[in-house]
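Enquirer: Sequential numbering of the sequence shown, starting at 1025, is according to the numbering used here.
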Amino acid sequence: MITYPTAAVFPPLPAGGTPLSDLQKEVIALKQARDAIILAHNYQCEDIQGVADFVGDSLGLAYKAAAAQQSTIVFCGVHFMAETAKIVNPSRRVLLPDLAAGCSLADSCPAEKLAAAKAADPALYVVAYINCSAAVKAISDVIVTSGNASKIVSRVPADRPILFVPDQNLGRWVSGKTGRAMQLWPGNCYAHVQFTPGALLRAKAAHPGAPVVAHPECTEAVREMADMVCSTELMVDWCKRQSADTIIITTESGMIHRLRREVPGKTFVAAPTDRCSCNDCRFMKMNTLQKLRDCLRDGTPEITLTEEIRSAAEVPLRRMLEWSL
Ligand code: 13P
Ligand code: SF4
1025 MITYPTAAVF
1035 PPLPAGGTPL
1045 SDLQKEVIAL
1055 KQARDAIILA
1065 HNYQCEDIQG
1075 VADFVGDSLG
1085 LAYKAAAAQQ
1095 STIVFCGVHF
1105 MAETAKIVNP
1115 SRRVLLPDLA
1125 AGCSLADSCP
1135 AEKLAAAKAA
1145 DPALYVVAYI
1155 NCSAAVKAIS
1165 DVIVTSGNAS
1175 KIVSRVPADR
1185 PILFVPDQNL
1195 GRWVSGKTGR
1205 AMQLWPGNCY
1215 AHVQFTPGAL
1225 LRAKAAHPGA
1235 PVVAHPECTE
1245 AVREMADMVC
1255 STELMVDWCK
1265 RQSADTIIIT
1275 TESGMIHRLR
1285 REVPGKTFVA
1295 APTDRCSCND
1305 CRFMKMNTLQ
1315 KLRDCLRDGT
1325 PEITLTEEIR
1335 SAAEVPLRRM
1345 LEWSL
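1) Applying the criterion that 16 or more other CB atoms from any shown protein chain within 10 Å of the CB defines a buried residue, is V1074 buried or exposed?
2) List in chain order: all unbroken beta strand (DSSP E) runs of 3+ residues lying wholly within the stretch 1101-1179.
3) Indicate, with yes or no, if the ligand 13P has a heavy atom lying under 8 Å from the CB of V1217.
4) Any heavy atom of the ligand 13P inside 8 Å of the beta-carbon of I1072?
5) Bridge partners of A1211, per DSSP?
6) My assumption, with CB atoms under 8 Å, is that V1237 sits in contact with M1252. Please give the rounded CB distance.
7) Three or more beta-carbon pairs under 8 Å between the stretch 1074-1089 and the stretch 1320-1327, yes or no?
8) Using DSSP with H/G/I as helix, E/B as strand and the rest coil, what is R1047?
9) Say yes only if the C-beta of E1332 is nearer than 8 Å to one or more non-hydrogen atoms of the ligand SF4, and no if none qualify.
10) Output yes or no for whether 9 Å exceeds the beta carbon distance between T1270 and H1231.
11) What do you reckon, are the CB atoms on A986 and L1119 nearer than 9 Å?
12) Under the rule that 16 or more other beta-carbon atoms within 10 Å means buried, what is T1030, buried or exposed?
13) Using a Cβ-Cβ cutoff of less than 7 Å, which residues in the same chain neighbour D1026 once the five nearest sequence positions on both sides are dropped?
14) How would you call L1316, buried or exposed, if buried means at least 16 neighbouring beta carbons within 10 angstroms?
15) Identify the continuous alpha helix (DSSP H) that holds V1246 and give its terminal residues.
16) Could you compute how far the alpha carbon of P1121 sits from the alpha carbon of G1289?
17) Helix, strand or coil for I1271? Go by DSSP, reduced to three states.
18) Which of the three DSSP states is assigned to L1349 in this structure?
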């Protein structure tokens, strides 16, 4: 008989919070000395979230990066997120603690392949999920995040056929919500597709009555089992509004650190996969507090882009930021 892992359970944080470690104090001191702002995605590890000036989803991070006044932005997330910061705020030095922190979605859509698809059908309107490279953004018409995708897609001219890249799961979800037919690029998030209906059923059986929230990068079969499907940022508000004291979180497990801080008094269950009691993105977890300290101390690794790519990528990104308001 197969034994499946049971879901990891995170009870409410004790009152008073945890004191900062020596390394966290060193990071904060370096941040001040280097005139830096630390932006962290919701999937970063707990000790990085604990020293960040802002923790949020891709959309919130893009706005924060655009408005950053500090001379250095340290982006604790993955490569495409740090590139986005450089695109919208090019005069700042943008650092990423581990330059190898990529994304399976971004990898699934090389710019040359997208250029070939556009050449084959010049009428296509390319809607690109922000999880793509700067080179892909540079040849897209508008960018979306999971937090604004439906709003943006509903503004695409009705007479243009849409090609949605690179996440077919998010694309299918947006198409269902907006009623807009779209061609879907065959990419997916390797981490979110590991959630299965069977694993979610077992978590629900172990926590009867606990509502389920899922990220739209999950497969349709998993999304259909969720009470709510939304971006990581919207999960925070949704969890605050739930009367249940236990909630099942179907996304990368770093999200639970943010939820425990901002939604006190609730127990969060990390949705398991068939192989693991919670689910981490190996790319997000390449950043560590030590690498963050080293990157602040040494001013490297830095994100660089040619001005040709940066300025072309800025056009659909700015369109997104404007259409999102
Ligand atoms: P959010 O924009 O919802 O934070 O998602 C980003 C991401 O990479 C999800 O895997
Ligand atoms: Fe990319 Fe998935 Fe990791 Fe998000 S969780 S950064 S989509 S691989």
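Yeah, the Cβ is synthetic: ideal placement off N, Cα and C, and Gly gets one too.
Expert: Once the coordinates are examined:
1) For the sequence presented, residue 1074 should be read as Gly rather than Val. With 16 or more Cβ atoms within 10 Å of its Cβ, G1074 is classed as buried.
2) 1117-1119, 1149-1153, 1166-1168
3) no
4) no
5) Residue 1211 is actually Gly in this sequence, not Ala. Beta-bridge pairing links G1211 to D1191.
6) 5 Å
7) no
8) The amino acid at residue 1047 is misidentified as Arg; the sequence shows Leu. Residue state, collapsed to three classes: helix.
9) no
10) yes
11) Only positions 1025 to 1349 of the chain appear in this structure, which leaves residue 986 out of reach.
12) exposed
13) The identity of residue 1026 in the sequence shown is Ile, whereas the question assumes Asp. Result list for I1026: empty, nothing under 7 Å.
14) buried
15) 1244-1247
16) 33 Å
17) strand
18) coil
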